[in-house]
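One structure below.
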Amino acid sequence: MRTVSRGMISNALRFSFSIPNILQLPISSVRTRSFGIRATKPKMGKNREEVENDNVIKSHPRVNKLQQLMHIESSGGWEKCWEEGLTPWDIGQPAPIIVHLHQSGALPKGRALVPGCGTGYDVVAMASPERYVVGLEISDIAIKKAEELSSSLPNAKFVSFLKADFFTWCPTELFDLIFDYTFFCAIEPEMRAAWAQKIKDFLKPDGELITLMFPISDHVGGPPYKVSVSE
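Going by the UniProt record's numbering, the first residue of the sequence shown is number 1, and it counts up by one from there.
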């Protein structure tokens with residue numbers, strides 16, 4: 001697993017993450033990259049920083065309110081979150097690691113997909129004449145915000161935003177790259193196997209999956225739902 005310095009994710013919620021082991025499905029042909037702070041449990045308790053990382057989800061008031069809303073709203077919960085501005089995953093800019101990979105030429109060229117793209121910062125950041133990026137989102141409000149964000153930018157012709165359910169959507173073309181930023185940890189754990197199968201179905205045989213971020217704290221419930229290091 002590659003590791004990113006803390007400074008590169010300082011503007012994001014301080015969640016730790018790892019590639020999920022649900023890729024035990026026949027998905028071994030998919031190349032993956034996972035970025036984040038490597039997390040291990042010490043033999044004798046936890047230091048202050050590790051305790052803070054474990055408690056960040058529990059103590060974040062917007063996350064707590066989001067979880068309550070999603071519990072009450074069995075359908076349309078995500079749209080309600082956008083209506084009320086409960087979007088703690090939205091850092092108001094592209095994920096720093098994506099900016100770094102794009103600027104360093106480390107991202108695959110071709111077609112890219114960002115499921116659960118939100119306001120589309122990452123979609124726009126990755127787009128270029130060599131890379132067409134599709135942002136997939138279930139919220140009308142988020143799609144509208146993403147389209148407004150990208151409309152006046154020079155690379156707008158290299159992006160598109162679609163309102164669709166990741167689990168029922170069928171793309172007309174496969175992708176060279178899929179970037180998952182807090183999408184996996186937002187879905188209910190019982191949907192993880194379906195997520196893995198969809199990733200496999202959407203990627204070209206030599207495609208690449210880049211994942212960010214997966215919380216590994218001991219909190220209960222979600223979203224975001226916890227993911228263990230072993231997964």
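Note that the Cβ used here is the ideal one computed from N, Cα and C, for glycine as well.
Cβ-based neighbour list, residue i, same chain, cut-off 6 Å, excluding 5 preceding and 5 following
i      : result
VAL134 : LEU113, SER160
GLU188 : none
SER151 : none
LYS43  : For LYS43, the pLDDT reaches just 37, beneath the cut-off of 50, and the residue's location in the model is therefore unreliable, although a value from the coordinates is still provided. Same-chain partners within the cutoff: there are none.
Cβ-Cβ separation, residue j to residue i (assumed contact under 8 Å), whole Å
i           : j      : result
residue 233 : THR211 : What is shown of the chain runs 1 to 231, which leaves residue 233 out entirely.
Cut-off 8 Å between Cβ atoms - residues of its own chain near residue i, not counting five sequence neighbours on either side
i      : result
PHE202 : LEU113, PRO171, LEU174, PHE175, ILE178
CYS117 : VAL123, GLY135, LEU136, GLU137, ALA142, ALA146, PHE161
LEU25  : Note that LEU25 has pLDDT 39, beneath the 50 cutoff, so the model's placement of it is unreliable and the number below is only indicative. Correct list, in chain order: ALA193, ALA196, GLN197, LYS200.
GLU79  : ILE138, SER139, ASP140, ILE141
Reference residue i, options the options, closest by Cα
i      : options                        : result
LEU149 : PRO205, PHE183, ALA193, ASP122 : ASP122
ALA156 : LYS163, ASP140, PRO129         : PRO129
LYS163 : GLU208, LEU136, ARG131         : LEU136
VAL99  : ARG131, MET126, ALA193, THR168 : MET126
PHE158 : GLN197, TRP169, GLY110         : GLY110
TRP169 : GLY207, PRO115, GLY120, PHE183 : PRO115
ILE97  : GLN197, LEU107, PRO189         : LEU107
GLU190 : TYR225, ILE199, GLU208, LYS200 : TYR225
PRO94  : LEU86, GLY77, THR119           : THR119
HIS102 : PHE183, ILE187, TYR132         : TYR132
LEU209 : PHE184, VAL227, GLU188         : PHE184
Burial state of residue i (16 or more Cβ within 10 Å)
i      : result
LYS145 : buried
PRO205 : exposed
LYS41  : Reliability of the predicted coordinates at LYS41 is poor, the pLDDT of 35 falling under 50, and no value is obtained from them.
LEU153 : exposed
SER139 : buried
PHE167 : exposed
GLY105 : exposed
GLY207 : buried
Cutoff 7 Å; reference residue i; Cβ partners in own chain excluding five residues on either side
i     : result
TRP82 : SER139, ILE141, ALA142
GLU84 : none
Any C-beta of chain D under 7 Å from that of residue i
i      : result
SER152 : This model lacks chain D altogether, as it is built from one protein chain only.
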